[in-house]
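Only one structure is covered here, and it is reproduced in the block below.
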């Protein structure tokens, strides 16, 4: 709601239409959109009892404020404080490569509050999901390639070696993961192989942090390869 009031629906439609559909009037909500402390679903109490206030912190804090005991501050107050915290100590990020997430888990981490908990890392590695920047040349959230050289890089085997590819070359790498699949691979204990069935990823674990990628001008040159420590052992699931 707060971002919609700031006319972000018009200024940043790619992000807002994906994450703030109700506020941007892209769908009809079954509840009244107002900044109070009521639950927006009859299931909020049950979800809170299942531990969802912690497991899905961002979503629950927005939609189940009463059940999650978030009534001490309004939604607007929380958003303003987050903005102030983000601008107080801006991280030094290499943005020369454009506005891209660096990891396929970025959206999942963002939904679970990591943009605030791990602000330094997330601002640089997940700028799209954390609203640090807004893509202008692709529609974030779609199951498509976000960069014009994705197909060429995929043919060179970069889908296996580079986490950046799974997030930004979804069509070429066949990495259009469902929400359930992302929850499985992104919420387990830290491990080097984000796409493995036996290891997951966490935004504070150093071994899965991809380095900022310098995107090449020619399709014959793939994104910067990561070290063996962060390479992928298995192919991305279809």
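Residue numbers (full-length UniProt numbering): 1 to 238. Cβ atoms here follow ideal geometry from the backbone N, Cα and C, with glycine treated the same way. In this text the structure is predicted, and so the values were computed from the model without any measurement.
Take residue i as the anchor and find which of the options has the nearest alpha-carbon.
| i | options | result |
| --- | --- | --- |
| residue 22 | 42, 62, 108, 38 | 62 |
| residue 40 | 64, 104, 46, 53 | 64 |
| residue 168 | 10, 56, 96, 149 | 149 |
| residue 42 | 119, 54, 60, 55 | 60 |
| residue 133 | 186, 182, 102 | 102 |
| residue 33 | 68, 11, 75 | 75 |
| residue 26 | 38, 36, 10 | 10 |
| residue 186 | 109, 152, 131, 155 | 109 |
| residue 117 | 54, 99, 171, 145 | 54 |
| residue 145 | 80, 173, 126 | 173 |
| residue 177 | 147, 161, 143, 155 | 143 |
| residue 171 | 153, 36, 78, 126 | 153 |
| residue 67 | 98, 136, 100, 48 | 48 |
| residue 35 | 8, 70, 45 | 70 |
| residue 37 | 97, 122, 20, 77 | 77 |
| residue 127 | 50, 20, 97, 72 | 97 |
| residue 58 | 139, 20, 157, 138 | 20 |
Put residue i into one of helix, strand or coil per three-state DSSP.
| i | result |
| --- | --- |
| residue 137 | coil |
| residue 27 | coil |
| residue 39 | strand |
| residue 120 | helix |
| residue 56 | coil |
| residue 125 | helix |
| residue 215 | Only weak support is given to the placement of residue 215: the predicted model assigns it a pLDDT of 37, under 50, and the question is left unresolved by the model. |
| residue 10 | helix |
| residue 96 | coil |
| residue 74 | coil |
| residue 130 | coil |
| residue 110 | helix |
| residue 81 | helix |
| residue 176 | coil |
| residue 115 | helix |
| residue 33 | coil |
| residue 209 | Residue confidence is low: residue 209 scores 32 on pLDDT, short of 50, so the model does not pin down where it sits. No coordinate-derived value is stated. |
Per the DSSP calculation, residue i is bridged to which residue(s)?
| i | result |
| --- | --- |
| residue 169 | 145 |
| residue 64 | 39 |
If you follow the alpha helix (DSSP H) that residue i is part of, which residue opens it and which one closes it?
| i | result |
| --- | --- |
| residue 46 | 44 to 49 |
| residue 161 | 158 to 161 |
| residue 183 | 179 to 186 |
| residue 151 | 150 to 155 |
Please look up how many angstroms separate the CB atoms of residue i and residue j, rounded, as I've assumed it's under 8 angstroms.
| i | j | result |
| --- | --- | --- |
| residue 159 | residue 129 | That pair is no contact at about 20 angstroms. |
| residue 93 | residue 124 | 4 angstroms |
| residue 104 | residue 13 | Between residue 13 and residue 104 the Cβ distance is about 23 angstroms, and since that is not below 8 angstroms, they are no contact. |
| residue 112 | residue 52 | Not confirmed; about 10 angstroms, so no contact. |
| residue 166 | residue 175 | 4 angstroms |
| residue 79 | residue 135 | Contact flag wrong, Cβ pair sits at about 21 angstroms. |
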